[in-house]
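Asks:
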Amino acid sequence: MLRIKIRFSSLTVMPFDQLFRTCVWFLRKVIFKDTLFALEFPDDEERYEASTSFLEQLPQELVRKIIAHTPESIFELRMSCKFLRNQVDGFARSTMPPVKEFKFIGGFSDAPLSKKIDISTTIRNKCLALFELRLKLHNFPRYLMEKRRHSYNIDFIEYSLELREENRDKLEELLNISGRTAEVVTLRNCELRDEFVEVQTILDSIRFVSLKFSSDFLTDDAVFHLINTIKNYGVERLILSVGKNNTSDEVAVLLQLSSLVRSLAVNQRYVDGLEMRRTYFFGLENIDWAPIFVEMFKNKLDQLYIYNYEAFYLRNSSAYALIEALPALGKSLWFESNCYCTLRKKQFVDDHIIEIRKRGLFTSLHIKHISRHRHTFELWW
């Protein structure tokens, strides 16, 4: 066994960053009893007393930094000694990193009248222990929530709550426990006016970066509420996932969205009854989408990702028109879409990298400024 000695008296003259790393090392190797490392204390009791005394002498700010550095291990920290238990509990009561996603699901017309919407919080595995401890410290009734793995990413856990009249008071508690800050807010099938009013009341009290809007049947009313949400909360990044499009002017919807956000992803899902309509996209068929996409990039938009269930919507003629027009706009833009087209080799046009990528049966067109060609669009379809 490799044995390493630490002289505690020397810590007072260490630079702060070195002191921080040493303390993290100390916690992992002593408190968690790592089998590869050990400190030379005669017995367990003396080791426990020395480690506790050492920790109590650290500045509180440093102890909290150590806890924040290992949120997945806070239950082990909490059980190690009374001092760390108090420090962990204080940290958990006051701190919660931004959750990955707040999701609001509507469309429960056949549900009991008391049911409003489903609300879920998506947590990173690394922050799971911290979130569980916050639930415990707030005495949140766990029977009200369902816990499951996220359907798209195993690195996340999802907690869901059915919002009803009888448990509305628990919603505020859940938002407080979650920290009221998220990277993504998802609205799924929230198309009725009452549902939007309900959701908007909640959104008024949280902070978020990106908005995902998912609809099985996109209507003018849904677009109206979506536009208001973007304007009211200053959304810069929108992920739009749609089935059938029943709006009165599909192109106008895309152009309006491109004037409001910088980043837009559109997922055209499979639509029942349209199996043979292989050029369908966003409610239209047999459309040359190249001039429409160019007009969108002339607005505020500078990043556009499209995945269409039917790749035939974008063929050679449209692809070559985009290759010619987009780099000439003078913007550092980013465009990616699945397609049904060919290109002989990678091209460089006006500081943009242009290529067709093929992975199995999947083909995609990429037109990206050299400063952004490695960027990806994180999607939660």
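If you use our numbering, the sequence shown corresponds to residues 1093 to 1473, in order. For every residue, glycine included, the Cβ atom is placed at its ideal position computed from N, Cα and C.
1) Helix, strand or coil for lysine 1323 per DSSP?
2) Counting Cβ pairs closer than 8 angstroms, one from the region 1436-1445 and one from the region 1408-1423, do we hit at least three?
3) Take the Cβ of proline 1151 as the centre, count every other Cβ of all protein chains shown within 10 Å, and call the residue buried at 16 or more, exposed below.
4) To the nearest angstrom, report how far apart aspartate 1136 and methionine 1171 are at their CA atoms.
5) In angstroms with no decimal places, state the Cα-to-Cα distance between tyrosine 1372 and threonine 1455.
6) If you draw a straight line from the alpha carbon of lysine 1460 to that of glutamate 1447, how long is it in whole angstroms?
7) In the structure shown, what three-state DSSP assignment does isoleucine 1379 receive?
8) How far does the alpha helix (DSSP H) with glutamate 1264 in it reach, from first residue to last?
9) What is the DSSP secondary structure of asparagine 1359, reduced to helix, strand or coil?
10) Return the bridge partner residues of histidine 1395 from the DSSP annotation.
11) Less than 8 angstroms between the CB atoms is what I'm expecting for arginine 1354 and arginine 1329, so what's the real figure, rounded?
12) Measuring straight from C-alpha to C-alpha, what distance separates isoleucine 1209 and leucine 1266?
13) Return the CA-CA distance between lysine 1304 and phenylalanine 1175, expressed in angstroms with no decimal places.
14) Using 8 angstroms as the Cβ pair cut-off and three pairs as the minimum, do the region 1226-1239 and the region 1248-1265 touch?
15) List the DSSP bridge partners of glutamine 1439.
16) For aspartate 1210, which three-state DSSP category applies?
17) Alpha carbon to alpha carbon, how far is glutamate 1290 from leucine 1376? Give it in angstroms, no decimals.
18) Return helix, strand or coil for glycine 1182, following the three-state DSSP convention.
19) Look up isoleucine 1459 in the DSSP assignment and give the residues it is bridged to.
20) Is it a yes or a no for the region 1273-1287 touching the region 1221-1231, going by three-plus beta-carbon pairs under 8 angstroms?
21) Could you tell me the alpha carbon to alpha carbon distance between leucine 1352 and phenylalanine 1385, rounded to whole angstroms?
22) Considering only the alpha carbon of each residue, which of Leu1356, Arg1361, Lys1323 lies closest to asparagine 1337?
23) For glutamate 1250, write down the residues that DSSP places opposite it in a beta bridge.
24) CA-CA distance, serine 1306 and isoleucine 1197?
25) Return the residue from the list Gly1326, Ile1211, Pro1190, Glu1470 that minimises the CA-CA distance to asparagine 1259.
26) Please report the distance separating the alpha-carbon of glutamine 1348 from that of lysine 1262.
27) Please state whether DSSP places isoleucine 1158 in a helix, a strand or coil.
28) What does the Cβ neighbour count give for aspartate 1394, buried or exposed, with the cut at 16 atoms within 10 Å?
29) How would you write the range of the alpha helix (DSSP H) that alanine 1413 sits in, first residue to last?
30) Between alanine 1274 and lysine 1192, is the Cβ-Cβ spacing less than 8 angstroms?
31) Report yes if the C-beta distance between valine 1345 and valine 1301 is below 8 angstroms; otherwise report no.
32) Can you tell me whether alanine 1411 is buried or exposed? The criterion is at least 16 other CB atoms within 10 Å of its CB, across all chains shown.
33) According to DSSP, simplified to helix, strand and coil, what is serine 1306?
Replies: Let me lay it out:
1) helix
2) yes
3) exposed
4) Model confidence at aspartate 1136 stands at a pLDDT of 45, short of 50, so the residue's coordinates are unreliable and nothing is read from them.
5) 17 angstroms
6) 9 angstroms
7) coil
8) 1260-1270
9) strand
10) The question names histidine, but residue 1395 is glutamine in the sequence shown. DSSP lists Ser1355, Trp1426 as partners of glutamine 1395.
11) 7 angstroms
12) 15 angstroms
13) 43 angstroms
14) yes
15) Ile1446
16) strand
17) 32 angstroms
18) helix
19) Phe1427, Ile1446
20) no
21) 15 angstroms
22) Arg1361
23) Thr1214, Arg1240
24) 9 angstroms
25) Ile1211
26) 37 angstroms
27) helix
28) buried
29) 1408-1417
30) yes
31) no
32) buried
33) strand
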